[in-house]
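Numbering (our numbering), first residue to last: 11 to 336.
Written as C-alpha cells, this is what we have:
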C-alpha cells in the first residue's frame, strides 16, 4: 500500500515538473504585421520569366493595364505582395510579405529601387529566393543602409528545377525545404552585461525541421517591433554595419529536435547598448506585446551545403544573392 502511494506521489511530482518545463519552453510563432499596405498581385502570365538562376536577369513590373507579351505557359495563379516602410536609426528600410499562389515552387527575384525626394535613384537592390514553395508566405527585408523617400519593385520568376549542384541544396528527394521548418521564439527578452560593459538584448530562437530525413540549415534576418509597431531592433542595423552578407543569421534543424529542446533553441543577440549611451541607464521597455518577425532568406539541406562549401565549391553570395546593383 505504502509502495503504491509512493509511486503515485512520484508520478505526480514528475507530472508537475514536466508541466513546468513545458510552460517554461512555451514558444511564440512568427509574428505578423497587421498594417502592411500597397498590396499588389503579380499574375504569372504578366511576369517576365528570368533566363538564369543567378538573379541577374532583368525583371518586368506587373501591370493590370498592360497586355502581357509573355508567351502563355503552364503556370496559373499569382504572387501577392504587401509592403511597409520603416524608419530606424535615421535610416529607412522596406518590409515585404510575399505569398506564392502560383501552384509551382519557384526561384523568385525581387528588384527594389530606392528614390530620393526629387525622384532620383539612390540605390537598386536585388534579392533572389531559390525554391520559394507554392502556398507559402515569407518576409523580405530591403535595407539600403541609407535614408530614402520612395520605393518601387519589380518581380520575375521561374519554376524551380534541380539542374545543378547548387540547385540540389534547396530540396531533398523532391521536397522543397522552406515549408518544412518551424521557427518560433520563447517570448522572453532579457538584457545581460558582457565583458565590454555593454547591454545586449537577447532572446531564444527555437527552430525545428519537419522533413523525416533531411537536416536543414536556415539563413535569415530578425526584426523586433515594439507594442506600437515601431522598430525596436533590426539585426542588420544593430549587429552588422556595412557588408550585408556578414549579417546572415544561421541556424540548423534536424528532424527530431523536439526530443531535445535545448538543442532546438539558440540564444540570439538583436542589439547592444554601450555603457556610454544614455539608453544604458534607462528602464527596459515592457516587451509583453513585442512582435518578432523572421525574414527567411534560404533553407538548405545541411549535408549538401557542407559538401559544397567545405571545398569552396560555392560561396554564400552565390547561395543567397542579395546584391546592390547601384
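Even glycine gets a Cβ: it sits at the ideal position worked out from N, Cα and C.
Owing to the predicted nature of the structure, the values given are computational and were not obtained by experimental measurement.
Skipping 5 residues on each side, what residues in its chain have a beta carbon closer than 7 Å to that of residue i?
i	result
residue 185	221
residue 283	208, 209, 289, 290
residue 239	45
residue 81	The pLDDT assigned to residue 81 is 45, lower than 50, so where the model puts this residue is not dependable, and the model offers no usable value.
Nearest by alpha-carbon distance to residue i: which of the options is it?
i	options	result
residue 329	247, 228, 245, 286	228
residue 52	119, 287, 140	119
residue 196	190, 128, 56, 302	302
residue 304	312, 225, 238, 147	147
residue 243	140, 203, 278	278
residue 213	334, 166, 198, 225	198
residue 233	50, 150, 310	150
residue 247	310, 122, 280, 164	280
residue 106	314, 49, 223, 235	49
residue 336	91, 129, 135	135
residue 93	122, 112, 217, 224	122
Within 10 angstroms of its Cβ, does residue i collect 16 or more other Cβ (buried), or is it exposed?
i	result
residue 331	buried
residue 68	Bear in mind that the predicted position of residue 68 carries a pLDDT of just 35, short of 50, making it too unreliable to give a figure here.
residue 110	buried
residue 353	Residue numbering for the chain in the displayed model covers 11 to 336; residue 353 lies beyond these limits and cannot be assessed.
residue 99	exposed
residue 308	buried
residue 181	buried
residue 321	exposed
residue 104	buried
residue 342	A question about residue 342 goes unanswered here, because the residues of the chain that appear run from 11 up to 336.
residue 152	buried
residue 73	Low confidence applies to residue 73: its pLDDT is 31, below 50, so where it sits in the model is not reliable, and the reading given next is rough at best. Flag for residue 73 reads exposed.
residue 202	exposed
residue 173	exposed
residue 88	buried
Can you name the residues that DSSP bridges to residue i?
i	result
residue 118	139, 167
residue 98	101
residue 43	In the DSSP output, where bridge partners are listed per residue, residue 43 has none listed.
residue 112	Note: residue 112 sits in no beta bridge, so no partner.
residue 243	234
residue 106	93, 150
residue 134	123
residue 161	124
What does a CB cutoff of less than 8 Å around residue i pick up in its chain, not counting 5 residues either side in sequence?
i	result
residue 318	175, 176, 179, 324
residue 125	131, 132, 158, 159, 160, 161, 162
residue 171	177
residue 156	101, 102, 124, 132, 133
key: Complete runs of the beta strand (DSSP E) confined to the stretch 176 to 238 [at least 3 residues]   = 191 to 203, 208 to 219, 226 to 235
inquiry  = My parser needs the alpha helix (DSSP H) runs of 4 or more residues fully inside the stretch 299 to 334; what are they?
reply    = Those alpha helix (DSSP H) runs which fall completely within the stretch 299 to 334 and span 4+ residues are 312 to 320, 326 to 329.
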